[in-house]
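In this note's numbering, the protein residues as written are 47 to 446.
Structure follows, in structure tokens:
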């Protein structure tokens, strides 16, 4: 088995094995490290051929590595006893394994951790990314990310973080954090904030899988339904977002005949179920906006008026200058570019460091014939952009 094949097996099996191990010992960091140790050992032992049950081999080896770590530390006797008394995670029922994984997601998103640490720990323990990969995603050195993960694990231990799904009376507040982190993981995969790759399809797929798991375990939760619908609607356009040269294709220019209609149908069905519960939330509203784009025959005939109304509702739920910026896109088509420019001008102080503010402003200024100002705004957007595909698109606009 070559390294690429082993990595595919590892990414498929690591989250489940880590979750099962963490559920036994109550320590996400130790479980993740033990699974990583098992992966390193697999690199040495699977050169000729993988074992008949790769997942079982990794689970058994990870359990043994965890025991070794606890013994070397001369501590954690209670955890050591728990490991010694239990069988490997391979014989656990699927439902229990899913509960373990979901419990670990909630643990990684514990309110004792800052948001960046929640994301990093989720990527490491739940998504199975290496510390080096996470460091690259955050644009920091690997040793710095190692220290961040160590601090996050210590904070979880100090907070007595439970590896189980929270009790119902605690679920609402914790669920909001989990959904926010999963959405951020998806966004990083959908359009990377920086680095050589314009998109990380593995991260986007992991986020969708995690949301499907949340939906399976909480099938009537409106915001879980809304987030899953939103991610599937974004995924339905994935094949058309880049051209053959890897250049970013604007929504207005995408070939809508290539959009995945099965995913769109699934997403709209989920959204309909969420809306019948009359418990409106930000993910449901964003999914409704994405659904209007998916149902439009072309960009110009999108129901911009309804989209503008939905952005007003989103602003009520989660006030943000970015929401107002997005609403201005709809205003451009409902009222005109001058009205849209007037809407975003008061946002300049808050969004001066946000590339999309300057990109939208450049487009509006171009529509008003103010070409010199538009070029200046485009140059500012280009200077702020870190994604290579976005930079290429902005540079292309400047060349005209």
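Even for Gly, the Cβ is constructed at its ideal location relative to N, Cα and C.
Just so it is clear, the structure is predicted and the values come from calculations on it, not from any experiment.
- A direct Cα-to-Cα measurement between residue 328 and residue 360 gives close to 6 angstroms.
- In the three-state reduction of the DSSP assignment, residue 294 falls in the strand class.
- Taking the Cα positions, residue 394 is about 10 angstroms away from residue 407.
- The shortest C-alpha to C-alpha distance from residue 75 to any of 116, 298, 320 and 389 is the one to 116.
- The Cβ atoms of residue 338 and residue 353 sit closer than 7 angstroms to each other.
- Taking a C-beta distance under 7 angstroms as the contact criterion, residue 228 and residue 202 do not qualify as a contact pair.
- The straight-line gap separating the alpha-carbon atoms of residue 151 and residue 412 is approximately 45 angstroms.
- Rounded to whole angstroms, the gap between the alpha carbons of residue 384 and residue 401 is 20 angstroms.
- Beyond the five residues adjoining it in sequence on each side, residue 156 comes within less than 7 angstroms, by CB distance, of 202, 205 and 207 in the same chain, given in chain order.
- Here the alpha carbons of residue 399 and residue 432 stand approximately 12 angstroms from one another.
- Between residue 191 and residue 198, the gap from beta carbon to beta carbon reaches 7 angstroms or more.
- Counting the other Cβ atoms within 10 Å of the Cβ of residue 70 gives 16 or more, which makes it buried.
- In the DSSP assignment, the residues bridged to residue 288 are 294.
- In this structure, 295 is the residue among 295, 307 and 392 with its C-alpha nearest to the C-alpha of residue 440.
- Counting only residues of its own chain and dropping the five nearest sequence neighbours on each side, residue 100 has a CB closer than 6 angstroms to the CB of 55.
- Across the set 252, 221 and 222, the C-alpha of 252 shows the shortest separation from the C-alpha of residue 231.
- If you compare the alpha carbons of 409, 178, 368 and 163 with that of residue 396, the shortest gap goes to 368.
- The three-state reading of DSSP puts residue 348 in coil, since its state is none of H, G, I, E or B.
- Boundaries cannot be given for residue 323, as no alpha helix (DSSP H) includes it and DSSP labels it neither H nor E.
- For residue 191, the enclosing alpha helix (DSSP H) has its first and last residue at 188–204.
- Residue 366 sits in coil when the DSSP states are folded into three classes, being neither helix nor strand.
- Beta-carbon to beta-carbon, residue 334 and residue 317 are separated by about 6 angstroms, close enough to satisfy the 8 angstroms threshold.
- Residue 234 is a Cβ neighbour of residue 249, given a cutoff of 7 angstroms.
- Its Cα nearest to that of residue 108, the residue 59 stands out among 153, 95 and 59.
- The Cβ atoms of residue 77 and residue 89 do not sit closer than 7 angstroms to each other.
- The closest CA to that of residue 226, considering only 285, 161 and 178, is found on 161.
- DSSP, reduced to helix, strand and coil, places residue 267 outside both helices and strands of the structure shown, so it counts as coil.
- Residue 154 is positioned such that its CB atom lies no closer than 7 angstroms to that of residue 175.
- Distance from the CA of residue 437 to the CA of residue 286, rounded to the nearest whole angstrom, comes to 18 angstroms.
- Inter-residue distance for residue 332 and residue 270 is about 13 angstroms (C-alpha atoms, whole angstroms).
- Look at residue 156 here: in three-state DSSP terms it is coil, with no helix or strand label.
- Contact between residue 177 and residue 148 is ruled out by a C-beta separation of about 24 angstroms, above the 8 angstroms threshold.
- Shown here, residue 343 sits in coil according to DSSP, grouped into three states, outside any helix or strand.
- DSSP, reduced to helix, strand and coil, places residue 400 outside both helices and strands of the structure shown, so it counts as coil.
- Across the structure, residue 273 and residue 330 are spaced so that their CA atoms are roughly 7 angstroms apart.
- Relative to residue 82, the option among 96, 423, 111 and 102 whose CA is nearest is 111.
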